[in-house]
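K.L.:
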Amino acid sequence: MTTRYTKDHEYIRVEGDVGIVGISDYAQAQLGDVVFVELPDVGKTVSKGGEAAVVESVKAASEVYAPVSGEVIAVNDKLPDSPATVNEDPAGAGWFIKIKLANKAELDGLMSEAEYAEYLKSIA
Amino acid sequence: MASPESAETLLETPLAAWHVAQGAKMVPFAGYNMPVQYPLGIMGEHNWTRESAGLFDVSHMGQCFLIPEDGKYETAAAALEKLVPADVLNLKPGQQRYSQFLNTEGGILDDLMITRLGFAGHEHWIYLVVNAGCKVEDYKHLAAHLPKSVTLKIADNLALLALQGPKAVAAIAAHAPALADLKFMTSTDLPVAGIWCHVSRTGYTGEDGVEISVKNEDVEALANILLKDERVKPIGLGARDSLRLEAGLCLYGHDIDTTTSPIEADLKWSIQKRRREEGGFPGAARIQAELANGPARLRVGIQPEGRQPAREGTEIFADGRRIGIVTSGGFGPTAQSPVAMGYVESAFAKPETPVTLVVRGKELPARIAAMPFAPHRYFR
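Sequence lines, in order, name chains G and R.
Residue numbers in the first sequence follow my numbering, run continuously in steps of one, and reach 124 at the last position.
Residue numbers in the second sequence follow my numbering, run continuously in steps of one, and reach 504 at the last position.
1) Would you tell me roughly how many angstroms separate the C-alpha atoms of His-170 of chain R and Ile-359 of chain R, rounded to the nearest one?
2) Assuming the contact rule is C-beta atoms closer than 8 Å, Phe-36 of chain G and Pro-457 of chain R should be a hit. Round their C-beta distance to whole Å, please.
3) Taking 9 Å as the cut-off, decide whether the C-beta atoms of Pro-386 of chain R and Gly-430 of chain R are in contact.
4) So, under 8 Å CB-CB, Pro-428 of chain R and Ala-459 of chain R are touching, yes? Tell me the CB distance rounded to an integer number of Å.
5) Specify the secondary structure class of His-184 of chain R as computed by DSSP and reduced to three states.
6) Between Pro-457 of chain R and chain G, is the shortest Cβ-Cβ distance under 9 Å, so that the two count as touching?
7) If we count the other Cβ atoms within 10 Å of its Cβ and call it buried at 16 or more, is Trp-249 of chain R buried or exposed?
8) For the alpha helix (DSSP H) containing Gly-168 of chain R, name the first residue and the last one.
9) Comparing the C-beta of Pro-209 of chain R with each C-beta of chain G, is any distance below 9 Å?
10) Express the C-alpha separation of Val-254 of chain R and Asp-262 of chain R in angstroms, rounding to a whole number.
11) Give the straight-line distance between the Cα atoms of Gly-377 of chain R and Leu-284 of chain R, rounded to the nearest whole angstrom.
12) Taking a contact to mean a Cβ-Cβ separation below 9 Å, would you say Glu-476 of chain R touches Ala-490 of chain R in this structure?
13) Could you check which residue in R:Ser-324, R:Val-356, R:Arg-240, R:Val-343 has the C-alpha nearest to that of Glu-175 of chain R?
14) Taking the beta carbon of Thr-137 of chain R as the centre, do at least 16 other beta carbons fall within 10 Å, making it buried, or is it exposed?
15) Is it a yes or a no for the stretch 33–50 of chain G touching the stretch 13–20 of chain G, going by three-plus beta-carbon pairs under 8 Å?
16) May I ask you to list, following chain order, the residues of the stretch 49–61 of chain G that have a beta carbon less than 8 Å from some beta carbon of chain R?
17) Whose C-alpha, out of G:Leu-120, G:Ala-114, G:Asp-89, G:Leu-101, is nearest the C-alpha of Gln-28 of chain G?
18) Give the residues of chain A in contact with Ser-385 of chain R, contact being defined as C-beta atoms less than 7 Å apart.
19) Under 9 Å between C-beta atoms, does Pro-83 of chain G make it to chain R?
20) Check distances from the C-beta atoms of the stretch 163–180 of chain R to those of chain G and list, in chain order, the residues that come in under 9 Å.
21) Note down, one range per segment and in chain order, each beta strand (DSSP E) of at least 3 residues found wholly within the stretch 418–445 of chain R.
22) Threshold first: 4 residues or longer. Then list the alpha helix (DSSP H) segments lying entirely within the stretch 354–389 of chain R, N to C.
23) Using a Cβ-Cβ distance under 9 Å, would Ser-366 of chain R count as near chain G?
24) Since Lys-48 of chain G and Ser-24 of chain G should fall inside the 8 Å C-beta cutoff, what is the C-beta to C-beta distance between them, to a whole number of angstroms?
25) Using the Cα positions of Ala-61 of chain G and Val-55 of chain G, report the straight-line distance between them to the nearest angstrom.
26) Which ranges does the alpha helix (DSSP H) cover as unbroken runs of at least 4 residues, wholly within the stretch 50–118 of chain G, from first to last along the chain?
27) Interface residues of chain G around Gln-161 of chain R at Cβ under 8 Å?
28) Taking 9 Å as the threshold (beta carbon to beta carbon), is Gln-288 of chain R in contact with chain G?
29) Of all Cβ atoms in chain R, is any one closer than 9 Å to the Cβ of Val-14 of chain G?
30) Is the CB-CB distance between Thr-239 of chain R and Leu-226 of chain R below 9 Å?
31) Count the other CB atoms within 10 Å of the CB of Ala-141 of chain R; is the residue buried (16 or more) or exposed (fewer)?
32) Closest Cβ-Cβ distance between Arg-240 of chain R and chain G: below 9 Å?
33) Quick check on Arg-4 of chain G: buried or exposed, where buried means 16 or more other Cβ atoms within 10 Å of its Cβ?
34) Give a yes or no on whether 9 Å exceeds the smallest Cβ distance from Arg-491 of chain R to chain G.
35) What does a CB cutoff of less than 6 Å around Phe-472 of chain R pick up in its chain, not counting 5 residues either side in sequence?
36) Val-160 of chain R and Leu-287 of chain R: beta carbons closer than 9 Å?
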C-alpha cells in the first residue's frame with residue numbers, strides 16, 4: 001500500500017489497482033469546517049486532474065480533482081450526512097471515492113509522503 | 125483542491141501585526157490584508173459571537189466627518205440629504221441611521237451609517253462610516269457634491285472595532301458603565317478604560333453590540349483590554365459574513381450595487397416618510413415610482429432544502445423559467461442549514477413560495493424565506 005499526493009492536496013492510497021482518494025490534513029485545515037460534500041455517481045469515469053467531487057466549507061465551494069484516471073467504483077456514503085468527518089479524519093473515515101486505476105503509470109507523476117511534506121514547507 | 129488567488133500589495137489596519145499574533149489567517153479584502161479567521165475557525169467564531177462576544181477589526185472601513193462652516197447642523201444635514209434618501213435633518217444628537225448613497229438612476233453607490241454626533245460642542249457634526257471597497261469613490265463623490273459651506277474631513281487617524289454578541293455590552297461596560305444603557309442606533313463619546321472612544325450601539329451581526337471608533341495609536345491597547353475578558357474572542361471576516369447573512373443584512377457589491385435600488389433591495393424601512401414624500405435625493409423619481417407601484421424584483425431570503433449551499437450567482441427558477449439570482453449564499457451555523465439571499469421577480473417574493481435552484485447543473489428545491497434566518501437581538 002502506498003500513498004501519493006497531488007499539488008492540489010488530494011491523496012490517493014493505492015492497493016493493487018484500486019486507489020482511495022481524499023484530501024490531505026493540510027487541505028481540510030485550509031478549508032475549515034466542511035458543511036457539504038458532493039460525490040460523483042459510482043461508475044463514472046474520471047480523468048487525471050478532472051473534477052471528481054466538491055467539498056464546501058462555510059465560506060466557499062472547492063473542487064476535489066481526480067489524482068489519476070479511472071472508474072469510480074465506490075463513494076463514501078457517510079459523508080453527505082456527516083461532512084465534518086472530512087475535518088476529523090481526512091486520511092481515514094473522511095475518504096471521498098475509490099477509483100479503479102486506468103493507468104498505474106500516472107502514479108509516478110505524484111508526490112510521495114516525504115515529497116509532499118517538503119512541498120508543504122515550500123508553500124508555507 | 126483549487127488554490128486561492130495570491131495577494132498583491134495590500135494596505136494594513138493598525139492591528140495587522142496583532143491579528144497575526146492572535147494566529148489569524150490573513151487574506152486580501154477590499155485592498156486590505158485582513159483576518160479571515162483565527163484558530164477557532166469560522167464556525168466556532170460564528171457560534172461564539174452568537175453566544176458570547178466577538179471582537180472584529182473593521183478599521184478598513186472609511187470614517188469621515190461633515191462639518192458645516194456656519195456651525196449649524198441643518199447646513200450639514202441638508203447637504204447630505206441631497207445624496208441619500210434618509211431623513212438626516214431630524215436626527216437627534218447621538219442618533220444614528222442606516223442609508224445609501226444613490227446615483228441619479230436611484231442605484232446604490234454604497235451603503236453607510238450616518239450619525240449626528242452627540243458630543244458637546246460637536247452636535248453640528250455628521251459622522252459617516254462607509255464601506256472599505258467604496259471609500260475612495262465615496263470621498264470623491266462627497267467632495268464633488270458638498271457645498272463650500274460643508275467641509276469633508278476624512279478621518280484616516282481613526283480605527284474601528286466592533287464588539288458583537290449577547291455579552292458584548294457587559295464586557296465593554298465593565299470599562300465604561302454608561303454604555304449599559306445606550307440604546308440601539310445611538311452613540312456616545314466617552315473614555316473606555318481611560319481611552320477616548322466614540323461608541324455606537326450598532327453592528328453587522330444581528331446581535332446586540334457596539335462599534336467603537338478610536339485613534340489608530342490607541343486601538344491595540346483597547347483591543348487587548350477587551351480581549352482580556354474571557355467572554356471576548358477575536359472574530360474574522362469569514363464569520364462576519366455568515367453572521368450578517370443569517371441576519372439578512374446586505375453586503376455591498378453582492379446584494380446591493382449601482383443597479384439595485386433601495387426599494388428592490390427591501391430597504392424601504394431606511395427611507396423615512398418625509399423623504400419618501402418630498403424626494404429631493406438622487407433617483408427619487410424611480411424610487412417614488414417603485415414605492416407607488418412596487419418594484420419589478422425584490423431582495424428575498426432563500427432557504428434551500430437539504431444541506432447543499434447555494435452560492436452567489438446561483439440561478440433561481442420557477443414556473444419553468446429563470447426568475448432571479450442568488451447574491452449571497454452559504455451555510456448558516458446558527459440556522460444549522462444552508463441560507464441565501466437574492467433577487468426574484470416580485471410575483472415570487474412571498475415567503476414559502478417554492479423555487480428551484482440550479483447548482484452545478486443539478487436542480488435543488490428551495491423556498492422563499494422571511495429574513496432574518498437568526499433572530500435580531502438588538503437593545504431597543
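All C-beta atoms in this analysis are idealised placements derived from N, C-alpha and C, irrespective of residue type, glycine included.
P.N.:
On the basis of the data shown:
1) Translated into the one-based positions of the second sequence, residue 170 of chain R becomes position 46. Translated into the one-based positions of the second sequence, residue 359 of chain R becomes position 235. Per the coordinates, the alpha-carbon of His-170 of chain R lies some 8 Å from the alpha-carbon of Ile-359 of chain R.
2) For the purposes of this step, residue 36 of chain G is identified with residue 36 of the first sequence, where counting begins at 1. For the purposes of this step, residue 457 of chain R is identified with residue 333 of the second sequence, where counting begins at 1. That pair is no contact at about 13 Å.
3) As a working mapping, residue 386 of chain R is identified with position 262 in the second sequence. As a working mapping, residue 430 of chain R is identified with position 306 in the second sequence. At the C-beta level, Pro-386 of chain R and Gly-430 of chain R stay beyond 9 Å of one another.
4) Counting from 1 along the second sequence, the entry for residue 428 of chain R is found at position 304. Counting from 1 along the second sequence, the entry for residue 459 of chain R is found at position 335. No, Pro-428 of chain R and Ala-459 of chain R are not in contact; Cβ-Cβ is about 11 Å, not under 8 Å.
5) As a working mapping, residue 184 of chain R is identified with position 60 in the second sequence. Judged by DSSP in its simplified three-state form, His-184 of chain R adopts coil rather than helix or strand.
6) Counting from 1 along the second sequence, the entry for residue 457 of chain R is found at position 333. For Pro-457 of chain R, the nearest beta carbon of chain G is closer than 9 Å to its own beta carbon.
7) The sequence position of residue 249 of chain R within the second sequence is 125, counting from 1. With 16 or more other Cβ atoms from the protein chains shown falling within 10 Å of its own Cβ, Trp-249 of chain R counts as buried.
8) Position 44 of the second sequence, counted from the first residue, corresponds to residue 168 of chain R. That run of the alpha helix (DSSP H) goes 165–175.
9) Translated into the one-based positions of the second sequence, residue 209 of chain R becomes position 85. No, its Cβ sits nowhere closer than 9 Å to a Cβ of chain G.
10) Here residue 262 of chain R refers to the residue found at position 138 of the second sequence. Here residue 254 of chain R refers to the residue found at position 130 of the second sequence. Going from the Cα of Asp-262 of chain R to the Cα of Val-254 of chain R covers about 8 Å.
11) Reading the second sequence from its first residue, position 253 is the one you call residue 377 of chain R. Reading the second sequence from its first residue, position 160 is the one you call residue 284 of chain R. For Gly-377 of chain R and Leu-284 of chain R, the distance between alpha carbons rounds to 21 Å.
12) As a first step, residue 476 of chain R is located in the second sequence; it is residue number 352 there, counting from the start. As a first step, residue 490 of chain R is located in the second sequence; it is residue number 366 there, counting from the start. With contacts defined as CB atoms closer than 9 Å, Glu-476 of chain R and Ala-490 of chain R fail to qualify as a contacting pair.
13) As a position in the second sequence, residue 175 of chain R is number 51, starting the count at 1. Taking the Cα of Glu-175 of chain R as reference, the smallest distance to any Cα among R:Ser-324, R:Val-356, R:Arg-240, R:Val-343 is reached at R:Val-356.
14) Translated into the one-based positions of the second sequence, residue 137 of chain R becomes position 13. Answer is buried; the Cβ neighbour count reaches 16.
15) With the cut-off at 8 Å, the stretch 33–50 of chain G and the stretch 13–20 of chain G do not touch.
16) Within the stretch 49–61 of chain G, the residues whose Cβ lies closer than 8 Å to some Cβ of chain R are Val-54, Val-55, Glu-56, Ser-57, Val-58, Lys-59, Ala-60, Ala-61, listed in chain order.
17) Walking along the first sequence from the start, residue 28 of chain G turns up at place 28. Scanning G:Leu-120, G:Ala-114, G:Asp-89, G:Leu-101 for the CA closest to the CA of Gln-28 of chain G turns up G:Asp-89.
18) Protein chains in the displayed structure are G and R, and chain A is not among them.
19) For the purposes of this step, residue 83 of chain G is taken as the residue at position 83 of the first sequence. Residue-level contact check: Pro-83 of chain G touches chain R, since one or more beta carbons of chain R fall below 9 Å from its beta carbon.
20) For the stretch 163–180 of chain R, which is checked against every Cβ of chain G, the residues closer than 9 Å are Gly-165, Ile-166, Met-167, Gly-168, His-170.
21) With a minimum length of 3 residues, the continuous beta strand (DSSP E) runs that stay inside the stretch 418–445 of chain R are 421–428, 439–442.
22) The alpha helix (DSSP H) runs lying completely inside the stretch 354–389 of chain R and spanning 4 residues or more are 361–370, given in chain order.
23) The sequence position of residue 366 of chain R within the second sequence is 242, counting from 1. Answer yes: the Cβ-Cβ gap between Ser-366 of chain R and chain G drops below 9 Å somewhere.
24) For this step, residue 48 of chain G is matched to residue 48 along the first sequence. For this step, residue 24 of chain G is matched to residue 24 along the first sequence. Cβ-Cβ separation between Lys-48 of chain G and Ser-24 of chain G: approximately 17 Å, too far for a contact (criterion under 8 Å).
25) For this step, residue 61 of chain G is matched to residue 61 along the first sequence. For this step, residue 55 of chain G is matched to residue 55 along the first sequence. When only Cα atoms are considered, Ala-61 of chain G and Val-55 of chain G end up about 6 Å apart.
26) Restricted to the stretch 50–118 of chain G, the alpha helix (DSSP H) segments that are unbroken, complete and at least 4 residues in length are 85–88, listed in chain order.
27) In the second sequence, the residue the question calls residue 161 of chain R occupies position 37. Correct list: Gly-32.
28) Reading the second sequence from its first residue, position 164 is the one you call residue 288 of chain R. Chain G has no Cβ within less than 9 Å of the Cβ of Gln-288 of chain R.
29) Indexing the first sequence from 1 puts residue 14 of chain G at position 14. Residue contact with chain R for Val-14 of chain G: absent (no Cβ-Cβ distance below 9 Å to any residue of chain R).
30) On the second sequence, residue 239 of chain R is found 115 positions in, with the first residue counted as 1. On the second sequence, residue 226 of chain R is found 102 positions in, with the first residue counted as 1. Not closer than 9 Å, so no.
31) Within the second sequence, numbered from 1, the residue matching residue 141 of chain R stands at position 17. Counting the other CB atoms within 10 Å of its CB gives Ala-141 of chain R a total below 16, which places it among the exposed residues.
32) As a first step, residue 240 of chain R must be located in the second sequence, where it is residue number 116. Answer no: the Cβ-Cβ gap between Arg-240 of chain R and chain G never drops below 9 Å.
33) Numbered from 1 along the first sequence, position 4 holds the residue referred to as residue 4 of chain G. A residue is called buried when at least 16 other Cβ atoms come within 10 angstroms of its Cβ; Arg-4 of chain G meets this threshold and is buried.
34) Residue numbering aside, residue 491 of chain R sits at position 367 when the second sequence is read from its first letter. Arg-491 of chain R is outside the set of residues whose beta carbon lies under 9 Å from a beta carbon in chain G.
35) For the purposes of this step, residue 472 of chain R is identified with residue 348 of the second sequence, where counting begins at 1. Ala-442, Ile-447.
36) Taking the first residue of the second sequence as position 1, residue 160 of chain R is located at position 36. Taking the first residue of the second sequence as position 1, residue 287 of chain R is located at position 163. No, they are not a contact pair.
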